[in-house]
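See structure below.
In the numbering used here, the protein residues as written are 2 to 132.
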């Protein structure tokens with residue numbers, strides 16, 4: 002598996018715009034690219050279960066950060082060609098990833114995409130601690 006942190010291409014955008022754009026891309030990538038397909042998505046650390054409410058929750062918490070203009074990180078983890086992880090394995094990978102970063106109690110939204118030879122997982126983590 003290969004991991005990569007994705008830079009924010011629009012640092013001047015608002016927190017709400019950044020979070021909304023990331024989450025909508027994660028969960029509905031076909032809006033921008035008809036070949037791209039989300040095959041699984043999940044979220045951790047939220048009170049709500051629907052996407053729009055989770056965007057609002059993440060935006061509200063991120064807005065509490067006065068020291069960071071961009072408190073949400075975007076990562077991509079890619080499996081080798083031909084590997085087909087189960088949804089349970091994807092959830093486990095996200096848990097391990099968050100543990101390694103020390104962000105296990107933070108808000109995270111993630112989605113597995115299938116548009117290349119390699120399944121890959123987009124992860125959006127809010128670095129603002131809910132506590």
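Idealized CB from N, CA, C, for every residue including glycine.
- Counted as a single uninterrupted DSSP element, the stretch harbouring residue 54 is not any beta strand (DSSP E) but the alpha helix (DSSP H) occupying residues 52-63.
- In this structure the region 46-60 does not touch the region 78-97; the number of beta carbon pairs closer than 8 Å is below three.
- Its Cα nearest to that of residue 124, the residue 79 stands out among 79, 12 and 62.
- When the alpha-carbon of residue 112 is set against those of 23, 101, 18 and 84, the nearest one is in 23.
- Listed in chain order, the alpha helix (DSSP H) elements of length 4 or more contained wholly in the region 8-47 are 16-28.
- Selection 59, 64, 119 and 60 evaluated against residue 77 yields 119 as nearest (Cα-Cα).
- Annotated three-state conformation of residue 83 is coil, per DSSP.
- Assigned with DSSP and collapsed to three states, residue 120 falls in coil, not helix or strand.
- By the neighbour-count criterion, in which 16 or more other beta carbons inside 10 Å mark a residue as buried, residue 7 falls on the exposed side.
- For residue 91, no beta strand (DSSP E) encloses it; the enclosing alpha helix (DSSP H) starts and ends at 88-102.
- In the DSSP assignment, residue 113 falls within the beta strand (DSSP E) that extends over 109-114.
- Shortest Cα-Cα distance from residue 126 to any of 85, 96, 75 and 88 involves 75.
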